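Q: Here it is, the structure in full.
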Amino acid sequence: MENVTVTLEDMKRAFDFIRFLKGATLDSMHSGLSEDTRHQLRYPPEELVEINKNDDLFSIELYLDLHNVSQECYNKVCATVNRRHPGHKLLSFYLVKTQVELLTGIVPIVHDMCVARNQTVGSISGSS
């Protein structure tokens, strides 16, 4: 096993992090949750959810099947389907994403990890 040097400063930082985690709540400013999301988590729907429109159901299935692709890719697939079946109206990326969030209670939490917009964490340079 590799020897690791731990400083008092490292231990303090770890302790502060543990204390921060123990005090975490949905209402914390660090949670990244909107008031609507917190309300939805506290009061989830209790009735059976029914999706009555076939095009909405197809949109949701498509969105879930394409979960690892970009919004642009989803939109292109929808455009292709709409050209092949012009009588059907698929949900936009925004609407299907919102529908899935409402149905499941699962919402993305995005935290910008950049220290500053004009700084980089590291750089790679060649040496001559």
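893 is the number of the first residue of the sequence shown in our numbering; add one for each residue after it. Even for Gly, the Cβ is constructed at its ideal location relative to N, Cα and C. All values derive from a computational prediction rather than experimental measurement.
To which residues of the same chain is K914 closer than 6 Å at the C-beta, ignoring the five residues directly before and after it?
A: none
Q: In the DSSP assignment, find the unbroken alpha helix (DSSP H) run with S1037 in it and report its ends.
A: This structure cannot settle anything about residue 1037, because the visible part of the chain is limited to 893 through 1020.
Q: Considering just the uninterrupted stretch of the alpha helix (DSSP H) at D908, what are its terminal residues?
A: 900-914
Q: Indicate whether I1042 and V988 have their beta-carbon atoms separated by less than 8 Å.
A: An answer regarding residue 1042 cannot be provided, because it is not within the stretch 893 to 1020 covered by the chain.
Q: Starting from E927, follow the alpha helix (DSSP H) in both directions and report where the run begins and ends.
A: 927-934
Q: Specify, as a first and last residue, the run of the alpha helix (DSSP H) that L940 falls within.
A: Premise fails: L940 is in no alpha helix (DSSP H) and is neither H nor E.
Q: Apart from the five residues on each side of it in sequence, which residues of its chain come closer than 6 Å, Cβ to Cβ, to D928?
A: none
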